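Asker:
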Amino acid sequence: QPSQIGYNHQCPYPVKHYDPQTNVHFVSKGNHRHRRVPPPLISNLTSINSRTPSKRGSPSSDPDEEDFQVKCNNNDIDFLLYLKNSTSFALLYDKLNWPLTIAGKEFTFPSWPSIPPQLSVIIKNVNINIEFEEFSNEVKALVHDVINVVRMNNKFGNDIHLVKLELSSTSTRQDLLNAKKLIVNYISYDVIEFLSPATVLICSKCSGIGHFRTQCTEQHETCKTCAQAFSDLKNHRCTADPVCKHCSGNHLSNSAKCPVTIVLFPYNPPQALNNSVMMKLDELMTKITDVKDHLAILSSKHDKFEQFMIDKTQQDELVKQQMDLLQKNDHELKKDLVQLKVLFERHDNMFLKLLFPMFEDLFFFIASTNQDKRGNTLDADLKCRLERYLIHVKKSRESKQCCA
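Numbering (UniProt numbering), first residue to last: 1 to 404.
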């Protein structure tokens, strides 16, 4: 890819500051600003036969203003597309909108641009003590076209109360700017336009500071690498080490890290607000966070108590089922006892009214047959046994009657 990137820009105002990273021009009078096009999209095609190593299209009236650039490298072709506005950028930023092939050739994306300011907004007064990941997820749930949520930092790298939203839709950005408010977690935040701080404008012809190429009075072009002037820079093939035209340092003349440009245009980021209102808001947010933590603890305890009640209800139901089973078994046992009592009464009646009288009569009959005609006992031993049997029968009858 080429080291110098051309943009299609036409600024009708005298420009004082220009930010090459965000493509925003700042004019010297008033608060007017002119937006440049977003960063170029780069697509890489497979190798084709080409006689020239570089081709440039320039439909603009300014020869230095380019709408696209093609550069061959190792039998490959890289296309840099310079888009007219943020709507075109948002459309092509989604890879699903690209065709599978271009001119029958497959292609890849070796790099991908960042979201420009034209698709970004700023949320003000966002507490630095909030859970930022939760805040980001809530914002993405509210605004579906949000790609990134970025916490802004000051020059010391500390978080400040500004949050940048990078969007994929110009209409969504405009809706946010028109609404001027965004409610996140029941808190209303101000929404403003994102404007990157201006750095320095460097001429692409002479590498001078503070003017465009169209305003340049130099006759020759200056090489960005060796800082030497040539009448036709296209015929120059520079192989020297980088030398800055302004400070003679070992960097390119258009580098934003040059000490001269830093001194002329120092970067002064906005300081974080530190007034009584912000302190009170921070204190309020801290208390809200504490209340939220307490509510989370109470919610956890409530959930545990609900689970305990559910378990207790299930246990009570199990105990009730067991009690019902015991009552059923007790009822069946009582029925069995009644039946057993009836059976015992039947057996007692049979013994008392049938068997015992029958045994007595049988014993008396045997005793009568154990005598001769004179009444003498024939078998004394049998007589003794019969008497003993009669005594046992009488005792058994008496015990049965006592139990009854």
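Where a beta carbon is used, it is the ideal one built from N, C-alpha and C, also for glycine. All of these numbers come straight from a predicted model, not from anything done at the bench.
(1) Can you list, in chain order, the residues of its chain whose CB lies under 6 Å from that of K395, leaving out five sequence neighbours each side?
(2) Following the continuous beta strand (DSSP E) through N329, name the residue where it begins and the one where it ends.
(3) Among N125, E360, L382, whose alpha-carbon lies nearest the alpha-carbon of R397?
(4) Buried or exposed for F212, please, with buried defined as at least 16 other CB atoms from any protein chain shown within 10 angstroms of its CB.
(5) Shortest alpha-carbon distance to C216 belongs to which of T222, T225, C206, H161?
(6) Is it a yes or a no for the segment 115 to 134 touching the segment 85 to 98, going by three-plus beta-carbon pairs under 8 Å?
(7) Across which residues does DSSP place I123 in a beta bridge pair?
(8) Over what stretch of residues does the alpha helix (DSSP H) that includes I366 continue unbroken?
(9) Looking at V139 and T172, is the spacing between their C-beta atoms short of 8 Å?
(10) Looking only at its own chain, which residues have a Cβ that is under 7 Å from the Cβ of N97, when we skip the five neighbours before and after it?
(11) Return the first residue and the last residue of the alpha helix (DSSP H) that L182 is part of.
(12) Given that a residue counts as buried once 16 or more other Cβ atoms are within 10 Å of its Cβ, and exposed if not, what is L252?
(13) What separation, rounded to the nearest whole angstrom, lies between the Cα atoms of I48 and A103?
(14) Measure the alpha-carbon distance for I187 versus I130 and round it to whole angstroms.
(15) By a C-beta neighbour count over all protein chains shown, 10 Å radius and 16 as the cutoff for buried, is K224 buried or exposed?
(16) Leaving out five residues on either side along the sequence, give the residues of the same chain with a beta carbon under 6 Å from the beta carbon of P63.
(17) Hey, is D316 close to the ligand GTP, as in C-beta under 7 Å from one of its heavy atoms?
(18) Consult DSSP for K394 and reduce its assignment to one of helix, strand or coil.
(19) Thinking just about the alpha-carbon of each residue, which of Y189, A380, E221 is nearest to the one in K234?
(20) Look at the alpha carbon of residue 431 and the alpha carbon of D78, and state the distance between them as a whole number of angstroms.
(21) Sort out for me which residues DSSP pairs A90 with in a bridge.
(22) Enumerate in chain order the residues of its own chain whose CB-to-CB distance from T170 is below 7 Å, with the five nearest sequence positions on each side excluded.
(23) If you follow the alpha helix (DSSP H) that V139 is part of, which residue opens it and which one closes it?
(24) Within 10 angstroms of the Cβ of V291, are there 16 or more other Cβ atoms? Answer buried if so, exposed if not.
(25) Would you kindly work out how many angstroms separate the C-alpha atoms of Q371 and V338, rounded to a whole number?
(26) For K105, which residues does DSSP report across the bridge?
(27) Taking CB distances under 8 Å as the criterion, tell me whether K224 reaches chain B.
(28) Among the candidates I147, V163, V146, N148, whose CA atom is the shortest distance from the CA of N154?
(29) For T108, does the count of other Cβ atoms within 10 angstroms reach 16, so buried, or fall short, so exposed?
(30) With V184 and E166 assumed to form a contact (beta carbons below 8 Å), what rounded beta-carbon distance in angstroms separates them?
(31) Leaving out five residues on either side along the sequence, give the residues of the same chain with a beta carbon under 8 Å from the beta carbon of T289.
(32) Measure the C-alpha to C-alpha separation of G208 and L177 and round it to an integer number of angstroms.
(33) Among the candidates Y389, T214, M285, L333, whose CA atom is the shortest distance from the CA of P357?
Answerer: Looking at the atomic coordinates:
(1) none
(2) Note, N329: premise wrong, no beta strand (DSSP E); alpha helix (DSSP H) at 276 to 350.
(3) E360
(4) buried
(5) C206
(6) yes
(7) V163, V191
(8) 356 to 369
(9) no
(10) L91
(11) Careful: L182 lies outside any alpha helix (DSSP H), inside the beta strand (DSSP E) at 181 to 184.
(12) buried
(13) Low local confidence applies: a pLDDT of 41 at I48 is under 50, so the model's placement there is unreliable, and no value is given.
(14) 12 Å
(15) buried
(16) Confidence in P63 is poor, its pLDDT being 39 and thus under 50, which makes the residue's placement unreliable; the coordinate value appears in the next sentence. Result list for P63: empty, nothing under 6 Å.
(17) Of ligands this structure carries none, so the ligand GTP is not represented either.
(18) helix
(19) E221
(20) Lying outside 1 to 404, the shown extent of the chain, residue 431 is not represented and no answer is given.
(21) Partner(s): none; A90 has no beta bridge.
(22) S86, T87, A90, L119
(23) 132 to 142
(24) exposed
(25) 49 Å
(26) I102
(27) Of the protein chains in this structure there is only one, and it is not chain B.
(28) V163
(29) exposed
(30) Wrong, their Cβ atoms sit about 16 Å apart, outside the cutoff.
(31) N129, I130
(32) 37 Å
(33) Y389
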